[in-house]
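J.:
There are 2 protein chains.
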Amino acid sequence: MRVTTLHGARDLRIEEHPLPIVSESTDAVVKVVAGGVCGSDLWWYRGLNPLPTRRLMGHEVVGVVETTGSAVTRVKPGDFVVVPFCHADGTCVACRGGVQSACLELGSTVGGQGEYVRVAHADACLFVADPPADDLLLRSLLTLTDVLATGWHAARCAGVAAGRSAVVVGDGAVGLCGVLAASILGADPVIALSGREPRQGLASAFGATQCVGSRGQDAVRTVRRLTEGVGAHAVLECVGTGDAMEAALQMARPGATVGFVGIPHGVELPITEMFRRNVGVRGGIAPVQRYLPHLAEMVLSGRIEPGRVLDREVTLDAVAEGYQAMDTRQAVKVLVRM
Amino acid sequence: MRVTTLHGARDLRIEEHPLPIVSESTDAVVKVVAGGVCGSDLWWYRGLNPLPTRRLMGHEVVGVVETTGSAVTRVKPGDFVVVPFCHADGTCVACRGGVQSACLELGSTVGGQGEYVRVAHADACLFVADPPADDLLLRSLLTLTDVLATGWHAARCAGVAAGRSAVVVGDGAVGLCGVLAASILGADPVIALSGREPRQGLASAFGATQCVGSRGQDAVRTVRRLTEGVGAHAVLECVGTGDAMEAALQMARPGATVGFVGIPHGVELPITEMFRRNVGVRGGIAPVQRYLPHLAEMVLSGRIEPGRVLDREVTLDAVAEGYQAMDTRQAVKVLVRM
Numbered sequence: 016m017r018v019t020t021l022h023g024a025r026d027l028r029i030e031e032h033p034l035p036i037v038s039e040s041t042d043a044v045v046k047v048v049a050g051g052v053c054g055s056d057l058w059w060y061r062g063l064n065p066l067p068t069r070r071l072m073g074h075e076v077v078g079v080v081e082t083t084g085s086a087v088t089r090v091k092p093g094d095f096v097v098v099p100f101c102h103a104d105g106t107c108v109a110c111r112g113g114v115q116s117a118c119l120e121l122g123s124t125v126g127g128q129g130e131y132v133r134v135a136h137a138d139a140c141l142f143v144a145d146p147p148a149d150d151l152l153l154r155s156l157l158t159l160t161d162v163l164a165t166g167w168h169a170a171r172c173a174g175v176a177a178g179r180s181a182v183v184v185g186d187g188a189v190g191l192c193g194v195l196a197a198s199i200l201g202a203d204p205v206i207a208l209s210g211r212e213p214r215q216g217l218a219s220a221f222g223a224t225q226c227v228g229s230r231g232q233d234a235v236r237t238v239r240r241l242t243e244g245v246g247a248h249a250v251l252e253c254v255g256t257g258d259a260m261e262a263a264l265q266m267a268r269p270g271a272t273v274g275f276v277g278i279p280h281g282v283e284l285p286i287t288e289m290f291r292r293n294v295g296v297r298g299g300i301a302p303v304q305r306y307l308p309h310l311a312e313m314v315l316s317g318r319i320e321p322g323r324v325l326d327r328e329v330t331l332d333a334v335a336e337g338y339q340a341m342d343t344r345q346a347v348k349v350l351v352r353m
Numbered sequence: 016m017r018v019t020t021l022h023g024a025r026d027l028r029i030e031e032h033p034l035p036i037v038s039e040s041t042d043a044v045v046k047v048v049a050g051g052v053c054g055s056d057l058w059w060y061r062g063l064n065p066l067p068t069r070r071l072m073g074h075e076v077v078g079v080v081e082t083t084g085s086a087v088t089r090v091k092p093g094d095f096v097v098v099p100f101c102h103a104d105g106t107c108v109a110c111r112g113g114v115q116s117a118c119l120e121l122g123s124t125v126g127g128q129g130e131y132v133r134v135a136h137a138d139a140c141l142f143v144a145d146p147p148a149d150d151l152l153l154r155s156l157l158t159l160t161d162v163l164a165t166g167w168h169a170a171r172c173a174g175v176a177a178g179r180s181a182v183v184v185g186d187g188a189v190g191l192c193g194v195l196a197a198s199i200l201g202a203d204p205v206i207a208l209s210g211r212e213p214r215q216g217l218a219s220a221f222g223a224t225q226c227v228g229s230r231g232q233d234a235v236r237t238v239r240r241l242t243e244g245v246g247a248h249a250v251l252e253c254v255g256t257g258d259a260m261e262a263a264l265q266m267a268r269p270g271a272t273v274g275f276v277g278i279p280h281g282v283e284l285p286i287t288e289m290f291r292r293n294v295g296v297r298g299g300i301a302p303v304q305r306y307l308p309h310l311a312e313m314v315l316s317g318r319i320e321p322g323r324v325l326d327r328e329v330t331l332d333a334v335a336e337g338y339q340a341m342d343t344r345q346a347v348k349v350l351v352r353m
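So the sequence lines, in the order shown, correspond to chains S and B.
Residue numbers for the first sequence follow the working numbering, beginning at 16 and rising by one.
Residue numbers for the second sequence follow the working numbering, beginning at 16 and rising by one.
Here it is in structure tokens:
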């Protein structure tokens, strides 16, 4: 099968690799209909994560079940499925506690910007839906695999609550989904840190009451001015850099929690300052399976349209153009059509 | 007045200083009946905090109101009072949000191991009680000024919940009060990390279901074994060292939060590991005034006896012996009788 493969910084190739197979009885193999390029893929693309040799890219997939292992009973070949990027068994102590992303038997989607993927714990993991009737719905279903659930996780970790202020650091797809999550959960105001179209427009469409376009200490001052002078009740950190976390902590009011879902790169937490101001941090890899039924219901009913973050589409052959568009912020998020 | 003054590591002197005065109309001056020596005093005593010149010691006080400012109406000279170590105005946005320890007009008790202290925001801050009928009640009231509220804060920050496991790192007075808090809040099991009497006995009396006497990785393994192999639902970090925080994080199960109230000294938070396991940290200076009414009710009704942590009493002249007893762990906590 053909799959996007990274060989070094900005060195993406479409290569022929063996078809993934059902290796455990609980596995399924899914034929990819559409894959996503994730902000976290860019860490690799930009050479900011150490790359051992090469890496099969893509962990966001919607597709059609091709084959299933003998123990799989809930999904069957031909089913249209949403594939959470983490494959949790649904039964271990971490899963039962709602942290499926720390499943003791965790698998994950590999090579989703390609033709086929293997899915572990298929029964526990796959979400079966009707094949989407239109393109926006397809895109929204694709966000369920990672970015919508990740933005939602940021909001939940930050303790977003109705009638209380929330601020979202980061205007990538996850940040924008964080805005949507905060809005759905009733936060008011919902302040998005974004200085440019089309991201500001998307943030507003997703429920942001204000967009702050300044950066650094200017942004901190503006957010504080909008939040009784002391910062927001909940802060969603959706970037992962040291600067973003520093700003997020400064925008949090005493007693608030920063919900962080950006993969930390060069983040040092100022614990004495956190102690002095009673500001906490909480987050991590999103337990997609925990949130998926609820989020899918909102998508399928048309209540939310998170698929709008996917503002560019490429074919597999043109995947490098997609990465480049995200790398240069020309696109918010790219869909790869198989 | 005579007051305990630190001039350098282990250099404590009883000195004559001017009487504190009512300098704001909302102040009161309190004649100290009993002061406490706090674990946080030991950081100074041991020379681990930079000491500019000298420092008046003591922030835990119960006493009798001596004089009040013209705007003070709720307390009057002669009232027996519990003095929270942080003096919050009770009206600012931080106070209204329940984080009185980050009050925008915060004052604090200074020189409480001495004859008199000034209290800012006296009406908002002081808790009036009947003069205690016995010595244990006096001691319990003294714990309300800091350590009981601080242990309670650790439990609340850690999200202690009924029927869920809690582990407490630290067997000083705050840690023991954390055990008491976790137990009152219904945690089960309540695991105390303590290897020695009388601390183990106190932990058990306060509701610990297990005491773990080992240290380091041995303790981590033991706690994990007691908590389904993955760690506790809630972890209370009541020490403040890097080692204690590291152990606390390792004892937390995926999705758990470490509630930390030990003043951080040399703590570096491993954010990538926290991200990977979805373990959060949250805590800081306890908002004593928030918890005081509820905690005082439990003390006054006899439901809890946190004063048992005060297992040594000294006069002001012998305060150095008290510090030495705590420094060498001969005493859990020392009461200074005026």
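Ideal placement from N, C-alpha and C gives every residue a C-beta, glycine not left out.
Remember, predicted model here, so these are calculated numbers, not experimental data.
Mind reading off the beta-carbon distance from residue 136 of chain S to residue 103 of chain S? Whole number of angstroms is fine, and I expect it under 8 Å.
T.: Right, the Cβ-Cβ distance comes to about 6 Å (below 8 Å), so this counts as a contact.
J.: Using a threshold of 8 Å, state whether the C-beta atoms of residue 261 of chain B and residue 277 of chain B are closer than that.
T.: Contact: no.
J.: Using a beta-carbon distance below 8 Å, is residue 266 of chain B in contact with chain S?
T.: Output row for residue 266 of chain B: interface = no.
J.: For a contact meaning CB atoms closer than 7 Å, what does residue 209 of chain S contact in chain B?
T.: Per Cβ cutoff of 7 Å: no residues; residue 209 of chain S is ~24 Å from chain B at best.
J.: Can you tell me whether residue 286 of chain S is buried or exposed, with buried defined as 16 or more other CB within 10 angstroms of its CB?
T.: The residue is buried, with at least 16 neighbouring Cβ atoms inside 10 Å.
J.: Output, in chain order, the set of chain B residues within a Cβ distance shorter than 7 Å of residue 284 of chain S.
T.: What residue 284 of chain S touches in chain B: 284, 286.
J.: State yes or no: is the beta carbon of residue 243 of chain B nearer than 8 Å to at least one beta carbon in chain S?
T.: By this cut-off, residue 243 of chain B is an interface position.
J.: I'd like to check one pair, residue 75 of chain S with residue 100 of chain S: are the Cβ atoms closer than 8 Å?
T.: Yes. Within cutoff.
J.: Pull up the CB-CB distance for residue 223 of chain S and residue 205 of chain S, whole angstroms please, since I reckon it's below 8 Å.
T.: Contact holds; Cβ gap of about 5 Å.
J.: Residue range of the alpha helix (DSSP H) that residue 165 of chain S falls in?
T.: Element bounds for residue 165 of chain S: 162 to 172.
J.: What beta strand (DSSP E) runs, 3 residues minimum, are completely inside the stretch 60 to 122 of chain B?
T.: The qualifying runs are 75 to 83, 95 to 98.
J.: Report the residues of the stretch 92 to 120 of chain S with a CB closer than 7 Å to any CB of chain B, ordered along the chain.
T.: From the stretch 92 to 120 of chain S, only 108, 109, 112, 113, 114, 116, 117 have a Cβ closer than 7 Å to chain B.
J.: Touching or not, the stretch 84 to 93 of chain S and the stretch 239 to 249 of chain B, by the rule of three or more beta carbon pairs under 8 Å?
T.: No, because fewer than three Cβ pairs between the stretch 84 to 93 of chain S and the stretch 239 to 249 of chain B fall closer than 8 Å, the two stretches do not touch.
J.: Can you name the residues that DSSP bridges to residue 50 of chain B?
T.: Looking at the DSSP assignment, residue 50 of chain B forms a beta bridge with B/76, B/351.
J.: Compare the C-beta of residue 272 of chain S against all C-beta atoms of chain B and say whether one is closer than 8 Å.
T.: Output row for residue 272 of chain S: interface = yes.
J.: Which value, in whole angstroms, describes the spacing of the CA atoms of residue 152 of chain B and residue 189 of chain B?
T.: Approximately 18 Å, taken between the alpha carbons.
J.: For a contact meaning CB atoms closer than 7 Å, what does residue 236 of chain S contact in chain B?
T.: None at all; the shortest Cβ gap to chain B is about 16 Å.
J.: Give me the residue from B/201, B/186, B/21, B/207 with the minimum Cα distance to residue 30 of chain B.
T.: Closest by alpha carbon: B/21.
J.: What residues are listed by DSSP as bridge partners for residue 225 of chain S?
T.: Bridge partners of residue 225 of chain S: S/206.
J.: Would you list the one or two residues that DSSP bridges to residue 354 of chain B?
T.: The first residue shown for chain B is 16 and the last is 353, placing residue 354 of chain B beyond what the model contains.
J.: Using only the alpha-carbon positions, how far apart do residue 350 of chain B and residue 65 of chain S sit?
T.: Spanning the two alpha carbons is a distance of roughly 56 Å.
J.: Run through chain B and tell me which residues come within less than 8 Å of residue 300 of chain S, C-beta to C-beta.
T.: Those are 290, 291, 293, listed as they occur along chain B.
J.: What are the partner residues of residue 131 of chain S, as DSSP defines its beta bridges?
T.: Bridge partners of residue 131 of chain S: S/46.
J.: In the DSSP assignment, what residue or residues form a beta bridge with residue 23 of chain S?
T.: Bridge partners of residue 23 of chain S: S/26.
J.: Note the first and the last residue of the continuous beta strand (DSSP E) segment covering residue 343 of chain B.
T.: Note, residue 343 of chain B: premise wrong, no beta strand (DSSP E); not H, not E.
J.: Indicate the three-state DSSP secondary structure (helix, strand or coil) for residue 320 of chain S in the structure shown.
T.: Coil, per DSSP.
J.: Look up residue 328 of chain S in the DSSP assignment and say whether it is helix, strand or coil.
T.: Strand at residue 328 of chain S.
J.: What is the residue span of the beta strand (DSSP E) that residue 252 of chain B lies within?
T.: Start and end: 247 to 252.
J.: Can you tell me whether residue 186 of chain S is buried or exposed, with buried defined as 16 or more other CB within 10 angstroms of its CB?
T.: Buried: at least 16 other Cβ atoms inside 10 Å.
J.: Buried or exposed: where does residue 312 of chain S fall if 16 or more other Cβ atoms within 10 Å of its Cβ makes it buried?
T.: That one is exposed.
J.: Contact criterion: CB-CB distance below 8 Å. Does residue 296 of chain B meet it with respect to chain S?
T.: Yes, residue 296 of chain B counts as interfacial toward chain S.
J.: So if DSSP puts residue 290 of chain B in a beta bridge, which residue, or which two residues, is it bridged to?
T.: Answer by DSSP bridge pairing: none, since residue 290 of chain B is not bridged.
J.: Using only the alpha-carbon positions, how far apart do residue 123 of chain B and residue 72 of chain B sit?
T.: Between residue 123 of chain B and residue 72 of chain B, the C-alpha separation is close to 12 Å.
J.: For residue 206 of chain B, go through chain S and note every residue whose CB falls closer than 8 Å to its CB, in chain order.
T.: Here the premise fails: no neighbours, minimum Cβ distance about 17 Å.
J.: Please name the residue or residues paired with residue 256 of chain S in a DSSP beta bridge.
T.: Answer is S/280.
J.: Smallest Cα separation from residue 290 of chain S: which of S/264, S/174, S/175, S/128?
T.: Of the listed residues, the one whose Cα sits closest to residue 290 of chain S is S/264.
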